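Numbering (my numbering), first residue to last: 1 to 252. Each residue gets a CB set at the ideal place from its N, CA and C atoms; glycine is no exception. Values in this document were obtained by computation on a predicted structure and should not be read as measured data. First the structure, in the form of structure tokens, and then the observations on it.
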């Protein structure tokens, strides 16, 4: 059994793919279950080494608007009871422990079944061309944490049915009611951070964000107006992750 794994769906994310994988390996992730939703930028050129090493399980599922269906099927078939903790995130989202690596923080949260983290939404920090590492170059975010949108890490053995999996939270069994509070649920923003690099660069917007559409529903695309609405207000300087990377503390 893996201690910590990640489930993610992606499409045309090679600009960040290696950085994202290596970041989460650094944070203690042992395995990735990656669903390719019809990429045209040859992600296997990057993924092949990770697949050969047994770090990545790769699934090609190009069906449109099937993100939730894909999550649940892959979870039921290959993940349930095979990983102690599972994080469900996207490839523009980076989890990390604030004073210790993610895997260490989770070891102190063993009482809980579900850990939620809210988004800290980052802008481009003026990047036109895509930067080598968004964690270091993109240091400007919205001043306030997103109070609504979360992602989650959960114990796979503690859910009743794969239908509980959703994008931003788990559902209570056999309902559409979010499982967001309770004795075994922890909102852990003071311990674990979730940096959401939603804008990244002008190159990312032009080549990826504005062209691919939504993963779970039709009729939603990232327009210039939507991009600017996230990017322009991102003025608060947050170098927390950059500082950890460049000057990793002892016993981190």
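Under the criterion of beta carbons closer than 8 angstroms, residue 152 and residue 116 qualify as touching, at roughly 5 angstroms. Considered as a whole, the stretch 113-168 harbours 114-122, 150-155 as its complete beta strand (DSSP E) runs of no fewer than 3 residues, in chain order.
A straight line joining the alpha-carbon of residue 164 with that of residue 188 spans about 20 angstroms. Within the stretch 39-82, complete alpha helix (DSSP H) segments of at least 4 residues are found at 44-52, 67-74, given in chain order. In this structure, the CA atom of residue 177 is about 5 angstroms from the CA atom of residue 171. Fewer than three beta-carbon pairs drawn from the stretch 144-160 and the stretch 44-62 are found closer than 8 angstroms, and the two stretches are therefore not classed as touching. Secondary structure of residue 193 (DSSP, three-state): strand. Per DSSP, the unbroken beta strand (DSSP E) holding residue 4 starts and ends at 2-10. Taking 9 angstroms as the cut-off, the Cβ atoms of residue 102 and residue 34 do not count as close.
Ranking 135, 134, 114 by CA distance to the CA of residue 183 puts 114 first. In the three-state reduction of the DSSP assignment, residue 87 falls in the strand class, which pools E and B. Here residue 92 is buried, its C-beta having at least 16 other C-beta atoms within 10 Å. The beta carbon of residue 210 sits closer than 8 angstroms to the beta carbons of 221, 222, 223, 224, 227 from its chain, once the five residues preceding and following it are set aside; these are given in chain order. According to the DSSP assignment, residue 35 belongs to the beta strand (DSSP E) that extends over 31-36. Looking at the backbone, the Cα of residue 6 and that of residue 38 are separated by about 19 angstroms. In the three-state reduction of the DSSP assignment, residue 95 falls in the strand class. Assignment of residue 185 by DSSP, reduced to helix, strand and coil, places it in the strand class. In the structure shown, residue 19 falls within a helical segment according to DSSP collapsed to helix, strand and coil. DSSP places residue 237 within a strand segment (E or B) once states are collapsed to three.
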